[in-house]
Each structure stands twice: as structure tokens, then as C-alpha cells.
Amino acid sequence: MQQMLAIIRQFRSVGHFLHYNMGGCSGRKRILTILLHHPQMLQKQLQEILQIQCGSLSEIVAKLESEGLVQRQKCISDARQMTVSLTDEGRESAQALWEEYLLKVQRLMSCFSVQEQQQLNSYLERMLAHWSSNEFSHMNKM
Numbered sequence: 000m001q002q003m004l005a006i007i008r009q010f011r012s013v014g015h016f017l018h019y020n021m022g023g024c025s026g027r028k029r030i031l032t033i034l035l036h037h038p039q040m041l042q043k044q045l046q047e048i049l050q051i052q053c054g055s056l057s058e059i060v061a062k063l064e065s066e067g068l069v070q071r072q073k074c075i076s077d078a079r080q081m082t083v084s085l086t087d088e089g090r091e092s093a094q095a096l097w098e099e100y101l102l103k104v105q106r107l108m109s110c111f112s113v114q115e116q117q118q119l120n121s122y123l124e125r126m127l128a129h130w131s132s133n134e135f136s137h138m139n140k141m
């Protein structure tokens, strides 16, 4: 049991480190890099990816828009919805952020060989599949 508790503590530390050192989960950097890989998307889709409230996303997007990094337009097929896309300046900024992110990932994972990375990935995939099963669906209600 002590070993299992130690592993969970390590996961908490890893999660905390990644959250605070790799851009959080819903900030400006993440929005820009998502839009880099999805050049135009509905604001609603972006909200679902980020799992944040509509108002929170609108506030962040409005700031990015005022800085000239993104633009919003009414959706052609549904005028009630807005699409969000990068401006040229936003694309340059997002590309720089993405390259910086990839360098951080390389540095973080450099303590493992390619084989060890594959093995770790395999363990994590198995663990997440297990944790995602119905057996554990009640745990978030605890």
C-alpha cells in the first residue's frame, strides 16, 4: 500500500509541475496553439476543448482579439455562433509558442531513452484506460 500511495503522490507532483510549467489548461498559450492546429473553429468547440465557461473564454478571446492575435466572425452557416481564427500576427506568435513547447517537452523527456518513453507511454495508456472504465465512474462523486 505504501508503494501505491507514493506513486499517487508522484502523479500529483507531476500533474502540478506540468500544469504550472507547461501552460495550464485554458490560458492564452493553449488557445493560440489549438488555433494553430485548427485554423478556424467555432468558439463553442474551443470552449468544449478547454472545458471552461462561455464567459471565461469570451473574456480571453476578447483580449487576444484586442491584441490583434485572433479574429472572431459570425459563422456563415449559423449566425448565432462565432468562429475564431488566428491573424497573421497570431499565427506567428502561436508558431513560436508551439516551438517553445516542443523544446520543453524534449528537455523534460530527455531523461528517458526512446524505449523507456515507449514503455512509459504504454503504462500510462493502460492506466488511463483502466481509470476510464465504468468501475471508476463514481469516484468523481466522492
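If you're matching positions, the sequence shown starts at 0 in numbering that gives the first Met the number 0 and goes up one per residue.
We put the beta carbon where it would ideally sit given N, CA and C, even for glycine.
DSSP beta-bridge partners of Ser121: Counting from 1 along the sequence shown, the entry for residue 121 is found at position 122. Answer is none; Ser121 lacks a bridge partner.
Three-state class that DSSP yields for Arg11 in the structure shown: What you label residue 11 is simply residue 12 of the sequence shown in a count that begins at 1. Note: Arg11 maps to helix in three-state DSSP.
8 Å contact criterion, which Leu96 and Thr32 should meet: CB distance rounded: Residue mapping note: residue 96 aligns to position 97 of the sequence shown, counting from 1. Residue mapping note: residue 32 aligns to position 33 of the sequence shown, counting from 1. That belief holds up - the Cβ atoms of Leu96 and Thr32 are roughly 6 Å apart, short of 8 Å.
Three-state secondary structure (DSSP) of Ser131: Locating residue 131 in the sequence shown gives position 132, where the first residue counts as 1. DSSP places Ser131 in coil when its eight states are reduced to three.
Contact check, Glu83 vs Gln42, beta carbons under 8 Å: What you label residue 83 is simply residue 84 of the sequence shown in a count that begins at 1. What you label residue 42 is simply residue 43 of the sequence shown in a count that begins at 1. It is Val, not Glu, that sits at residue 83 in the sequence shown. Taking 8 Å as the Cβ cut-off, Val83 and Gln42 qualify as a contacting pair.
Helix, strand or coil at Thr82 [DSSP, three-state]: Within the sequence shown, numbered from 1, the residue matching residue 82 stands at position 83. Three-state result, Thr82: strand.
Same chain, Cβ closer than 8 Å to Pro38, neighbours up to 5 away in sequence not counted: The count along the sequence shown starts at 1 and reaches residue 38 at position 39. If we look at Pro38 and ignore the five residues flanking it on each side, its Cβ neighbours are Ser84, Leu85.
With 16 other Cβ atoms within 10 Å as the buried cut-off, status of Leu34: If you number the sequence shown from 1, residue 34 lands on position 35. Leu34 should be labelled buried.
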